[in-house]
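**Q** Sequential numbering of the sequence shown, starting at 1, is according to this note's numbering.
What follows is a single structure, and I will ask about it in a moment.
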Amino acid sequence: MKVSVLIFATIIFSLACKQNNARKSLSKLSLEETLRRLNKGDHQFYYANYTDSLGKDLTPELTQKLTTGKLKRDFYVNENDSINEIRVSILKDADIFDEIQLRSAMTFPMKNFPFEKVNCKEISEKINNSINKDQQARASEDGFKNIVDIDKVNKKLIISIIEKCGWSSIDSSQINDVFLLIQHMESEYMARYYPVFIEYHKKGALSNVNFARMIDRLLMNNGFEQIYGTQVVDLSFYAIKDIENVNVRRQKLGLDSIEDYAKRNGFIHK
């Protein structure tokens, strides 16, 4: 009996050691490297184990938070350089946009994308034509009938320009036009180009109002409260975080007050 117990204990200890050694051999990927792999179509995460921040099994509480998008994810690779484990932790405000980028990349928005041929030396006029059609359709009383088709054509062109010609081929004076066109696409594309638009905003190429729109749109589309109050739904503001200080944040970007913005959108904000 003692021998059986000893053998059982030895097996358990051995398995535990192997598990610990396996976890020790894991290497954490940076956000940039994780996104690079996902953007290249790496889908190994489908088979990865989800654990807590220490590599232990998820508790029911963490599992529930994971399903509601309240956790941050870090990707780990094994000795074969394959994504083997995803460790989760409580999502902090500073990590929200990292998580949004990961969520979007994990949907593989570029998979089977219908790219079109583009002459990278003649894209300025194409962008001008695209933004003109976009704005005319949205300004016209009956333009909504064509919006879906126009957005589809613009999406195919703009994404093809970015992915085939690169951002350097786009004149900085057209960055706001490109942003507005991407804003009318699925949120995954805005998240994909989020880091680029952040840099353009720092350089002054992306306007403050479009910066605010991007931040709020990404937050709203991913279930978080907006912070600048640019997103209106059914003649009311989509939920605003720390609404008491929203005008302070808007003022820093040179935007008008939330009250005036509401009036311009046809309702009164109280």
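From the three backbone atoms N, C-alpha and C, an ideal C-beta is built for every residue, glycine too.
Suppose the cutoff is 7 Å on Cβ atoms and the five residues either side in sequence are ignored; what does the same chain contact list for Ile-131 look like?
**A** By 1-based counting over the sequence shown, the position of residue 131 is 131. Asp-177, Leu-180 and Leu-181.
**Q** Mind checking whether Ala-212 and Ile-100 have CB atoms under 8 Å apart?
**A** To locate residue 212, count along the sequence shown from 1; it is residue 212. To locate residue 100, count along the sequence shown from 1; it is residue 100. Against a cut-off of 8 Å, the Cβ pair of Ile-100 and Ala-212 comes out as no contact.
**Q** Return the first residue and the last residue of the beta strand (DSSP E) that Val-118 is part of.
**A** To locate residue 118, count along the sequence shown from 1; it is residue 118. Per DSSP, Val-118 belongs to no beta strand (DSSP E) and is neither H nor E.
**Q** Excluding five sequence neighbours on each side, which residues of the same chain lie with their C-beta closer than 7 Å to the C-beta of Ser-89?
**A** The count along the sequence shown starts at 1 and reaches residue 89 at position 89. So the list reads Ser-53, Leu-71 and Lys-72, once near-sequence residues are dropped.
**Q** Mind reading off the beta-carbon distance from Asn-247 to Ser-257? Whole number of angstroms is fine, and I expect it under 8 Å.
**A** Position 247 of the sequence shown holds residue 247. Position 257 of the sequence shown holds residue 257. The Cβ separation is near 5 Å, so the contact holds.
**Q** Check whether the stretch 202-211 touches the stretch 125-139, taking contact to mean three or more Cβ pairs, one atom from each stretch, closer than 8 Å.
**A** The stretch 202-211 vs the stretch 125-139: no contact.
**Q** Between the Cα of Asn-222 and those of Glu-33, Ile-268 and Thr-67, spot the shortest distance and give me the residue it belongs to.
**A** For this step, residue 222 is matched to residue 222 along the sequence shown. Here the closest residue by C-alpha is Thr-67.
**Q** Is Ser-14 helix, strand or coil when you go by DSSP?
**A** As a position in the sequence shown, residue 14 is number 14, starting the count at 1. In this prediction, Ser-14 scores a pLDDT of 42, lower than 50, which makes its location untrustworthy; no coordinate-derived value is stated.
**Q** Taking its Cβ as the centre, do 16 or more other Cβ atoms sit within 10 Å of Lys-40, making it buried, or is it exposed?
**A** Locating residue 40 in the sequence shown gives position 40, counting from the first residue. Result: exposed.
**Q** Of all the options Gly-69, Gln-231 and Cys-120, which has the alpha carbon lying nearest to the alpha carbon of Asp-171?
**A** Along the sequence shown, one-based indexing puts residue 171 at 171. Looking at the Cα atoms, Cys-120 is the closest of the given residues.
**Q** Considering only C-alpha positions, which residue in the set Asn-146, Asn-154, Ile-96 and Asp-260 is nearest to Leu-277?
**A** Absent from the structure is residue 277, since the part of the chain shown begins at 1 and ends at 270.
**Q** Any idea if Leu-235 is buried or exposed, counting beta-carbon neighbours within 10 angstroms, 16 or more meaning buried?
**A** Taking the sequence shown and counting its residues from 1, the one referred to as residue 235 is at position 235. That one is exposed.
**Q** Given this structure, state the Cα-to-Cα distance separating Arg-217 from Val-233, to the nearest angstrom.
**A** Within the sequence shown, the letter at position 217 stands for residue 217. Within the sequence shown, the letter at position 233 stands for residue 233. Cα to Cα, Arg-217 sits roughly 12 Å from Val-233.
**Q** Please go through the stretch 27-71 and give each complete beta strand (DSSP E) segment of 3 or more residues, from N-terminal end onward.
**A** The stretch 27-71 contains these whole beta strand (DSSP E) runs: 49-51.
**Q** Ser-169 to Ile-161, Cα distance in whole Å?
**A** Along the sequence shown, one-based indexing puts residue 169 at 169. Along the sequence shown, one-based indexing puts residue 161 at 161. Each residue's alpha carbon lies about 8 Å from the other.
**Q** State the start and end residues of the unbroken beta strand (DSSP E) segment that holds Glu-79.
**A** By one-based count along the sequence shown, residue 79 stands at place 79. Unbroken run through Glu-79: none, as it is neither H nor E.
**Q** Specify the secondary structure class of Ile-7 as computed by DSSP and reduced to three states.
**A** In the sequence shown, residue 7 corresponds to position 7, counting from 1. Confidence at Ile-7 is low in this model, with a pLDDT of 39, below 50, so its placement is unreliable and the value that follows should be read with caution. The answer is helix: DSSP assigns Ile-7 an H, G or I state.
**Q** Which whole-angstrom value is the C-beta distance of Phe-237 and His-269, which I expect to be below 8 Å?
**A** Your numbering for residue 237 matches position 237 in the sequence shown. Your numbering for residue 269 matches position 269 in the sequence shown. Contact flag correct, Cβ pair sits at about 7 Å.
**Q** For Phe-115, which option in Asn-80, Gln-135, Leu-157 and Arg-87 has the closest C-alpha, if you only look at C-alpha atoms?
**A** Residue 115 sits at position 115 when you count from the first residue of the sequence shown. Answer by Cα proximity: Leu-157.
**Q** Would you call Asp-134 buried or exposed, if buried means 16 or more other Cβ atoms sit within 10 Å of its Cβ?
**A** Taking the sequence shown and counting its residues from 1, the one referred to as residue 134 is at position 134. With 16 or more Cβ atoms within 10 Å of its Cβ, Asp-134 is classed as buried.
**Q** Thinking C-alpha only, which one of Arg-36, Arg-264 and Arg-250 is nearest Ala-105?
**A** Translated into the one-based positions of the sequence shown, residue 105 becomes position 105. Here the closest residue by C-alpha is Arg-36.
**Q** Would you mind sorting Ser-140 into buried or exposed? The rule is 16 or more other CB atoms within 10 Å of its CB.
**A** Locating residue 140 in the sequence shown gives position 140, where the first residue counts as 1. Exposed, because fewer than 16 other Cβ atoms sit within 10 Å of the Cβ of Ser-140.
**Q** Are there 16 or more other CB atoms within 10 angstroms of the CB of Ala-137, so buried, or fewer, so exposed?
**A** Numbered from 1 along the sequence shown, position 137 holds the residue referred to as residue 137. Buried.
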